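Everything on this sheet refers to the single structure shown next.
See the structure below:
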């Protein structure tokens, strides 16, 4: 899973609480000022303010947070392990036994370190009593402000839009793989069982158009639970199938340095592009900093939230890295340098287990698509409501603006997936978009601003060197992934090309 709604009490609840006649005795300002007069969660929808004990609330007036290092680590693990795990065997095949595990560990170390920097920016001022930032964007605004906020928004929304395309491609390919594995099982592996994924992409888009109209879809907490269970299920099945094939065979040819020029790839240029594209795939698999602040906002204190988050980060990153090493290395061991872009695409037996894994992927991404894009929907509709208040109003019970805008947006994502159904290239682009700006650049810049680190001091130079190094990786991975899309477009024809 890539994102989830972790807040149980938001500003809309507070506004609803103070808006009712029963709450007329207290203004919103008075309610905000007194910890003894807060909107109680059980009465939130009725808008009733009830007296309550101060120990039931945190220093910001919200209900007492109860998260621990274990719940935060669980959130991290479920946020990180997702469709990106499916590409790791392919990435390992491009890098080989030497560079593959080393780069996985390097990305893990960078992610952990920058997450520690970011966790220190949850509060402004004192790490235990300072003003809280509830979202990543709020943290950027508090510490950096100005054009940084705009740049952060562009990166986040571009990542959301691209992830919508990536989810559509992955879910559609998995749906096609179900029929493909069944065809091979019943008709033999010599049969023509190729499928055209374009039709499945359109079907997925139609489903998302319908789901996107459901109000408050992102507040259905069970959606995140189902998505987490599904992602663990198909990732575990992929590891199990790869282990089984590694033990029983047949296995592919592996090398110390991955795909070989003149054997697996045409020339050194293609080898270089694929190597950089693999970096983008690994970066995508580790991108979760976009919701780290939201996870940290669930933690109780004392101890200070940043200390708990550091412990949770090392637990979460260590667990996912171990899982990634198993998936990547076992997948590479099973398929060798010819590892498929999506590891599950290489298995057809036992067909029922492969089918189940692909069903899990589809179910995960059907819900994950909505969970991930709801913040973008909300941001656009809030902006439209500020500019055109009439857009809030419905006609005959139907909000026309929501209906038209969300349908067009999902349609645009679907069109993008039909035109660019290239799993590894799209993941590489997404990884490059999210990695440097959101995982490295903003945490580094906020930390420098928070600690008032002098320009050109040793610490400043070290942090900027790290940021520049990751920027180069992002540029290389992004360029290679775009090159991969361009090469694939030379032979791809929508609704005709089969795989």
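Numbering (my numbering), first residue to last: 2 to 500. A virtual CB, placed ideally from N, CA and C, is assigned to each residue, including glycine. Fair warning: this is a prediction, and the values are worked out from it, not measured in the lab.
By Cβ distance, which residues of its chain are closer than 6 Å to residue i, with the 5 residues on each side in sequence left out?
i, result
"residue 358", "235, 238 and 345"
"residue 186", "352"
"residue 258", "97"
"residue 284", "432 and 436"
"residue 317", "74, 77 and 78"
"residue 493", "none"
"residue 490", "none"
"residue 274", "481 and 484"
"residue 108", "283 and 287"
"residue 228", "2, 365, 368 and 369"
DSSP beta-bridge partners for residue i?
i, result
"residue 132", "125"
"residue 58", "64"
"residue 230", "Its beta-bridge partners do not exist; DSSP assigns none."
"residue 300", "68"
"residue 266", "262"
Quick one: what's got a C-beta closer than 7 Å to residue i's C-beta in the same chain, skipping five residues either side?
i, result
"residue 82", "232, 233, 236, 321 and 324"
"residue 307", "120, 121, 123 and 128"
"residue 305", "128 and 129"
"residue 475", "433, 436 and 437"
"residue 178", "345, 346 and 359"
"residue 254", "337 and 338"
"residue 208", "367"
"residue 35", "Annotation note: pLDDT 34 at residue 35 (below 50); position unreliable, no value reported."
"residue 118", "444, 445 and 448"
"residue 331", "240, 243, 244 and 247"
"residue 262", "268, 269 and 272"
"residue 99", "257 and 258"
"residue 496", "197 and 199"
"residue 315", "113"
Excluding the five sequence neighbours on either side, which residues of its own chain have a C-beta within less than 8 Å of the C-beta of residue i, listed in chain order?
i, result
"residue 190", "349"
"residue 144", "122, 125, 446, 447, 450 and 451"
"residue 252", "246, 334, 335, 336 and 337"
"residue 204", "173 and 176"
"residue 303", "129"
"residue 183", "352 and 356"
"residue 426", "278, 482, 483, 485, 486 and 489"
"residue 461", "449, 454 and 455"
"residue 138", "150, 153, 154 and 157"
Please report the Cβ distance between residue i and residue j, rounded to the nearest whole angstrom; I am assuming they are in contact, meaning their Cβ atoms lie under 8 Å.
i, j, result
"residue 158", "residue 377", "6 Å"
"residue 478", "residue 412", "Not confirmed; about 29 Å, so no contact."
"residue 75", "residue 278", "About 31 Å separates the two Cβ atoms, so there is no contact after all."
"residue 429", "residue 282", "5 Å"
"residue 115", "residue 441", "5 Å"
"residue 68", "residue 293", "The pair is not a contact, with the Cβ atoms about 13 Å apart (cut-off 8 Å)."
"residue 161", "residue 373", "6 Å"
"residue 206", "residue 415", "3 Å"
"residue 105", "residue 326", "6 Å"
"residue 260", "residue 94", "6 Å"
"residue 408", "residue 210", "5 Å"
"residue 70", "residue 313", "5 Å"
"residue 213", "residue 371", "7 Å"
"residue 135", "residue 298", "5 Å"
Is there at least one Cβ from chain C nearer than 7 Å to residue i's Cβ?
i, result
"residue 159", "Absent from the structure is chain C; it holds one protein chain and no more."
Quiz item: So does the stretch 339 to 351 actually touch the stretch 90 to 97, counting three or more Cβ pairs closer than 8 Å?
Solution: yes
Quiz item: Is the stretch 238 to 251 in contact with the stretch 452 to 472, if contact means three or more CB pairs nearer than 8 Å?
Solution: no
Quiz item: Considering only residues of the stretch 409 to 493, which uninterrupted alpha helix (DSSP H) runs meet the minimum length of 4 residues and lie entirely inside it, listed in chain order?
Solution: 424 to 435, 443 to 452 and 459 to 490
Practice problem: Evaluate contact between the stretch 64 to 72 and the stretch 270 to 288, counting only Cβ atoms and requiring at least three cross-stretch pairs below 8 Å. | Solution: no
Exercise. Evaluate contact between the stretch 158 to 178 and the stretch 409 to 423, counting only Cβ atoms and requiring at least three cross-stretch pairs below 8 Å.
Key: yes
Exercise. Could I get the ranges of all uninterrupted alpha helix (DSSP H) runs contained in the stretch 144 to 219, with 4 residues as the minimum, in chain order?
Key: 148 to 188 and 198 to 212
Quiz item: Counting pairs of Cβ atoms below 8 Å between the stretch 130 to 149 and the stretch 431 to 447, do you hit three or more?
Solution: yes
Quiz prompt | Cβ contact check for the stretch 355 to 373 and the stretch 147 to 155: 3 or more pairs under 8 Å | solution = no
Quiz item: Taking the runs of the alpha helix (DSSP H) that are 4 residues or longer, which of them lie wholly in the stretch 320 to 402?
Solution: 352 to 388
Quiz item: What are the complete beta strand (DSSP E) segments, minimum 3 residues, inside the stretch 72 to 124?
Solution: none
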